[in-house]
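> Have a look at this one before I ask anything.
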Amino acid sequence: MSHGKFASLITCMDGRVQNAGNEFMKKTFNVDYVDVITEPGPNKILSENNLNAIVDNIYKRVDVSVFSHGSDVIAVAGHYDCAGNPVNKETQDIQTANAAKLIKAKFPDKKVIGLWIDKDFKTAEIIYTAE
Ligand SMILES: [Zn+2]
Numbered sequence: 175m176s177h178g179k180f181a182s183l184i185t186c187m188d189g190r191v192q193n194a195g196n197e198f199m200k201k202t203f204n205v206d207y208v209d210v211i212t213e214p215g216p217n218k219i220l221s222e223n224n225l226n227a228i229v230d231n232i233y234k235r236v237d238v239s240v241f242s243h244g245s246d247v248i249a250v251a252g253h254y255d256c257a258g259n260p261v262n263k264e265t266q267d268i269q270t271a272n273a274a275k276l277i278k279a280k281f282p283d284k285k286v287i288g289l290w291i292d293k294d295f296k297t298a299e300i301i302y303t304a305e
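Its first residue numbered 175, the sequence shown is counted upward by one per residue in my numbering.
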């Protein structure tokens, strides 16, 4: 059904990080479209891995991106000054890496990466790649 290449991005709902995440995924993975799944502080939510409706709903949306749109790469992002996850970069990077590992376990044949969006809100960097 889909035309063009898709990637999946699980990121914060914070409006400041949207462009950076979207542009990074398009440029880095040469995709036409980025399916964006937002929650406040999703790296924390996924890292905690609770069996709750929010986690379930995040994965349901990733399923659509992967199985209906054919996305081959899934990113989970943390960012500076996150109201939904107000801890420092060090702590967020651990959560992001753990979230990426858990995503990889569900989508073992997909590339899964963890991102950090810094205080300029203009660029994203890969801080973890799940193997
Ligand atoms: Zn945030």
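All residues carry an ideal CB built from backbone N, CA and C; glycine is no exception.
So is the beta-carbon of residue 177 under 7 Å away from any non-hydrogen atom of ligand 1?
For the purposes of this step, residue 177 is taken as the residue at position 3 of the sequence shown. Not under cutoff, so the answer is no.
> Where DSSP assigns a beta bridge to residue 306, which residues make up the other side?
The requested residue 306 is not part of the displayed model; the chain covers only 175 to 305.
> Is the separation between the beta-carbon of residue 249 and that of residue 287 shorter than 8 Å?
As a working mapping, residue 249 is identified with position 75 in the sequence shown. As a working mapping, residue 287 is identified with position 113 in the sequence shown. Result yes, Cβ atoms of residue 249 and residue 287 sit closer than 8 Å.
> Given residue 274, which residues of its chain have a CB within under 7 Å of its CB, disregarding the five upstream and five downstream residues?
On the sequence shown, position 100 is the one that residue 274 refers to. The residues are 250, 286, 287, 288, 302 and 304.
> Flag residue 294 as yes when its Cβ comes closer than 7 Å to any non-hydrogen atom of ligand 1, and as no otherwise.
Locating residue 294 in the sequence shown gives position 120, where the first residue counts as 1. Result no, Cβ not under 7 Å from ligand 1.
> On a Cα-Cα basis, can you pick out the residue from 293, 281, 295 and 291 that is closest to residue 182?
As a working mapping, residue 182 is identified with position 8 in the sequence shown. Checked all of 293, 281, 295 and 291; the closest Cα to residue 182 is 281.
> Do residue 231 and residue 270 have their beta-carbon atoms positioned less than 8 Å apart in this structure?
Numbered from 1 along the sequence shown, position 96 holds the residue referred to as residue 270. Numbered from 1 along the sequence shown, position 57 holds the residue referred to as residue 231. Contact: no.
> Work out the CA separation of residue 194 and residue 295 for me, nearest whole Å.
Taking the first residue of the sequence shown as position 1, residue 295 is located at position 121. Taking the first residue of the sequence shown as position 1, residue 194 is located at position 20. If I take the Cα positions, the gap works out to 6 Å.
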